[in-house]
Amino acid sequence: MSDSPAPPAEIGGKSQPSGFRPWMFIPLLAALLVLSTFLLGLGRSNINDLPSMLIDKPAPEFALAPLHDGSPGLSTVDLKAPGVKLVNIWASWCGPCRAEHPFLNALAEEGVTVHGINYKDAPQNARAFLEELGDPYTRIGTDQSGRAGIEWGVYGVPETFVIDGAGQVIYKHIGPISPGDVRDKIRPAMEAAAAR
Numbered sequence: 001m002s003d004s005p006a007p008p009a010e011i012g013g014k015s016q017p018s019g020f021r022p023w024m025f026i027p028l029l030a031a032l033l034v035l036s037t038f039l040l041g042l043g044r045s046n047i048n049d050l051p052s053m054l055i056d057k058p059a060p061e062f063a064l065a066p067l068h069d070g071s072p073g074l075s076t077v078d079l080k081a082p083g084v085k086l087v088n089i090w091a092s093w094c095g096p097c098r099a100e101h102p103f104l105n106a107l108a109e110e111g112v113t114v115h116g117i118n119y120k121d122a123p124q125n126a127r128a129f130l131e132e133l134g135d136p137y138t139r140i141g142t143d144q145s146g147r148a149g150i151e152w153g154v155y156g157v158p159e160t161f162v163i164d165g166a167g168q169v170i171y172k173h174i175g176p177i178s179p180g181d182v183r184d185k186i187r188p189a190m191e192a193a194a195a196r
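Reading the sequence shown from the start, the letters are residues 1 to 196 in the numbering used here.
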């Protein structure tokens with residue numbers, strides 16, 4: 001018996017090495033597709049430019065238990081009450097939530113209705129956070145499972161939504177709000193919501 005190598009395979013009348021497999025390039029093509037998608041995402045100048053499917057649509061259907069015993073929770077019905085309101089999704093473990101909190105307190109002191117969704121948090125930690133930094137929220141619902149966050153299309157906390165008097169989402173702000181955001185984005189969105 002001879003130990004000579006096998007003859008090359010014939011593909012389409014052409015001689016190919018026996019180790020050539022066209023399907024071997026599929027993982028490479030998939031990796032290039034993922035990389036190009038990632039690089040296109042990096043090309044955005046601002047993370048707040050990410051689109052939201054909720055804009056100009058009714059807020060999602062949800063009903064959350066209250067954070068504080070004896071207080072009301074938060075549900076879609078509350079967002080259909082007259083007047084402009086904010087919905088802020090936050091957590092005690094979120095550093096940027098701590099940074100934006102003074103601006104939420106200031107808005108609440110002005111009379112802006114701010115509702116909170118406490119996201120994937122331990123209730124005792126959330127209550128301690130509010131005791132330390134102040135509680136700007138008219139109502140707070142707890143979303144320990146993160147299910148309501150999925151319905152709201154949450155990318156990460158904090159996120160803030162401007163809701164009109166009919167319960168429709170007017171604006172979504174991703175990340176902590178700053179004084180410039182309040183001036184240039186939140187207030188104009190609130191004015192647009194009030195004009196509806």
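C-beta: ideal position from N, C-alpha, C; glycine also.
- In the DSSP assignment, E159 falls outside any alpha helix (DSSP H) and within the unbroken beta strand (DSSP E) covering 159 to 163.
- Judged by DSSP secondary structure, H101 falls within the alpha helix (DSSP H) whose first and last residues are 95 to 109.
- Each of D184, P179, E151, F103 was checked against the Cα of M53, and the nearest Cα belongs to E151.
- Boundaries of the beta strand (DSSP E) harbouring I174: 169 to 174, taken from the DSSP string.
- By the criterion of a C-beta distance shorter than 7 Å, A189 is surrounded in its chain by V162, I170, Y171, once the five residues flanking it on both sides are discounted.
- By the Cβ test, the segment 130 to 143 is in contact with the segment 53 to 73, since at least three Cβ pairs between them sit closer than 8 Å.
- In the DSSP assignment, L79 falls within the unbroken alpha helix (DSSP H) covering 76 to 79.
- Residue environment: K85 is assigned as buried (16 or more neighbouring CB atoms within 10 Å of its CB, all protein chains considered).
- Around the CB of N125, fewer than 16 other CB atoms lie within 10 Å, so the residue is classed as exposed.
- For G149, no beta strand (DSSP E) segment is defined; the enclosing uninterrupted segment is the alpha helix (DSSP H) at 147 to 152.
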